[in-house]
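J.: Got a structure for you, written out below as structure tokens; questions coming shortly.
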Amino acid sequence: MRIRSVRRRSVRRRSVRRRTALTAAAAVLAATAVGATAAVAAPAATAPPRFLAPGELPPHASSPWYASKVMPGLPDPEPFCLDGGVVPGGTGTYHRSFHTEYDTSAVQVSVVTANEDSAQRLAAKLRQKVARCAGDWLHDKPGGTASWKNYGTVTAADGGRVYGIHTSIPDSEPGIHLFGVGRSGRTVTVVRWGEMGTFDHAPVPAFKATLRQALNKL
Numbered sequence: 004m005r006i007r008s009v010r011r012r013s014v015r016r017r018s019v020r021r022r023t024a025l026t027a028a029a030a031v032l033a034a035t036a037v038g039a040t041a042a043v044a045a046p047a048a049t050a051p052p053r054f055l056a057p058g059e060l061p062p063h064a065s066s067p068w069y070a071s072k073v074m075p076g077l078p079d080p081e082p083f084c085l086d087g088g089v090v091p092g093g094t095g096t097y098h099r100s101f102h103t104e105y106d107t108s109a110v111q112v113s114v115v116t117a118n119e120d121s122a123q124r125l126a127a128k129l130r131q132k133v134a135r136c137a138g139d140w141l142h143d144k145p146g147g148t149a150s151w152k153n154y155g156t157v158t159a160a161d162g163g164r165v166y167g168i169h170t171s172i173p174d175s176e177p178g179i180h181l182f183g184v185g186r187s188g189r190t191v192t193v194v195r196w197g198e199m200g201t202f203d204h205a206p207v208p209a210f211k212a213t214l215r216q217a218l219n220k221l
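Numbering (our numbering) for the sequence shown: 4 to 221.
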């Protein structure tokens, strides 16, 4: 009787160890399967498009251009005329800032959208926002003056358009800004250039060449 009892306990112990080993193996397989599923489901990172180089901006009479690195998201603060969430700031959005040794500065923001339809809608939205910028600015600065010009299209990639915005406040220097909005496939880019001055100081032909270069690099 004692021998049989010992044998039964030994069999039970081997059975328990076998079930434990099988359970552990199943857990490892399950974890591996979950990890593989997660790896497949994770979205691929969006590579940033190519950006303008400092030498591709309108030449400054007294200073070279300097540039930051290409950074994800929107610049802080957001570009004049394009603030308020009009440009999406999540995945697929990148920016690069430029400056001179004087008051002239620039910024480029590019957005890689889900598809070409989304890019077309975003480009149209940005063009509309820039065209309304002078009026929106006057709404917040009732003592100032503002005006805008449509400088026409740029033929490159899927096309671009250039605008000028002039703003002025009493007892302050006036400001002139140029905006270029364009698209290449599912990527939209906007370039803003600005300095103190009037429409007479705006380097429109050189800025159109800048926007053309920006579109060709997307």
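All residues carry an ideal CB built from backbone N, CA and C; glycine is no exception. Treat the numbers as computed from the prediction; the structure is a model and nothing was measured.
Determine the contact status of Leu55 and Val89, defining contact as a CB-CB distance below 8 Å.
T.: Here residue 55 refers to the residue found at position 52 when the sequence shown is read from its first residue. Here residue 89 refers to the residue found at position 86 when the sequence shown is read from its first residue. No, they are not a contact pair.
J.: I'd like to check one pair, Asn219 with Arg160: are the Cβ atoms closer than 8 Å?
T.: Numbered from 1 along the sequence shown, position 157 holds the residue referred to as residue 160. Numbered from 1 along the sequence shown, position 216 holds the residue referred to as residue 219. For the sequence presented, residue 160 should be read as Ala rather than Arg. Taking 8 Å as the Cβ cut-off, Ala160 and Asn219 qualify as a contacting pair.
J.: Assuming Arg205 contacts Leu181 (C-beta within less than 8 Å), just tell me the rounded distance between them.
T.: Taking the sequence shown and counting its residues from 1, one reaches residue 205 at position 202. Taking the sequence shown and counting its residues from 1, one reaches residue 181 at position 178. The residue you asked about is not Arg; residue 205 is Ala in the sequence shown. Correct: roughly 6 Å between the Cβ atoms.
J.: Just tell me which of Met74, His63, Lys144 and Gln216 has its CA closest to the CA of Gly185.
T.: Within the sequence shown, the letter at position 182 stands for residue 185. Residue Gln216 is the option with its Cα nearest to Gly185.
J.: Could you tell me which residues DSSP puts in a beta bridge with Gln111?
T.: For the purposes of this step, residue 111 is taken as the residue at position 108 of the sequence shown. Arg99 and Val194.
J.: Assign Thr213 to one of three DSSP states: helix, strand, or coil.
T.: Within the sequence shown, numbered from 1, the residue matching residue 213 stands at position 210. Thr213: helix per DSSP, three-state reduction.
J.: With a cut-off of 8 Å on the beta carbons, I'd call Val194 and Ala109 a contact; round off their distance for me.
T.: Here residue 194 refers to the residue found at position 191 of the sequence shown. Here residue 109 refers to the residue found at position 106 of the sequence shown. So it is a contact: roughly 7 Å between Cβ atoms.
J.: Are at least three pairs of beta-carbons, each pair with one atom in the segment 86-104 and one in the segment 163-175, less than 8 Å apart?
T.: With the cut-off at 8 Å, the segment 86-104 and the segment 163-175 do not touch.
J.: For Ser71 and Tyr105, which I take to be in contact (beta-carbon distance under 8 Å), what is that distance rounded to the nearest angstrom?
T.: Here residue 71 refers to the residue found at position 68 of the sequence shown. Here residue 105 refers to the residue found at position 102 of the sequence shown. Ser71 to Tyr105, Cβ: 17 Å. No contact.
J.: Going by beta carbon distance, what residues of the same chain come within less than 7 Å of Ala50, once the five residues before and after it are set aside?
T.: Here residue 50 refers to the residue found at position 47 of the sequence shown. Same-chain partners within the cutoff: there are none.
J.: Along the beta strand (DSSP E) that carries Val184, what are the first and last residues, could you check?
T.: As a working mapping, residue 184 is identified with position 181 in the sequence shown. It spans Gly178 to Ser187 - the beta strand (DSSP E) in which Val184 sits, taken as one unbroken run.
J.: Using alpha carbons as the reference points, say which of Gly76, Phe101, Phe83 and Asp143 lies closest to Gly95.
T.: Within the sequence shown, residue 95 is the residue found at index 92, counting from 1. Closest option to Gly95, Cα to Cα, is Gly76.
J.: Sort Gly200, Leu141, Thr201 and Gly183 by Cα distance to Val112 and report the nearest one.
T.: Counting from one through the sequence shown, the residue named residue 112 turns up at place 109. The shortest C-alpha separation from Val112 is found at Gly183.
J.: Could you round the C-beta distance between Leu156 and Gly163 to whole angstroms and report it? I think they count as a contact, below 8 Å.
T.: The residue labelled residue 156 in the question sits at position 153 within the sequence shown. The residue labelled residue 163 in the question sits at position 160 within the sequence shown. It should be noted that the sequence gives Thr, not Leu, for residue 156. Contact holds; Cβ gap of about 7 Å.
J.: Using the DSSP secondary-structure output, state which residues sit across from Tyr69 in a beta bridge.
T.: Along the sequence shown, one-based indexing puts residue 69 at 66. Beta-bridge pairing links Tyr69 to His102.
J.: How would you label Arg135, buried or exposed, when you count the other beta carbons within 10 angstroms and need 16 or more for buried?
T.: The residue given as residue 135 occupies position 132 in the sequence shown. Answer is exposed; the Cβ neighbour count stays below 16.
J.: Report, in whole angstroms, the separation of the C-beta atoms of Pro61 and Ala209, which I expect to be a contact under 8 Å.
T.: Position 58 of the sequence shown, counting from 1, holds the residue named residue 61. Position 206 of the sequence shown, counting from 1, holds the residue named residue 209. Pro61 to Ala209, Cβ: 4 Å. Contact.
J.: If you check the beta carbons only, do Pro52 and Thr201 fall under 8 Å apart?
T.: Stepping through the sequence shown from its first residue, residue 52 is reached at position 49. Stepping through the sequence shown from its first residue, residue 201 is reached at position 198. Result no, Cβ atoms of Pro52 and Thr201 do not sit closer than 8 Å.
J.: Check for me: the beta strand (DSSP E) holding Val89 runs from which residue to which?
T.: As a position in the sequence shown, residue 89 is number 86, starting the count at 1. No beta strand (DSSP E) holds Val89; DSSP gives it neither H nor E.
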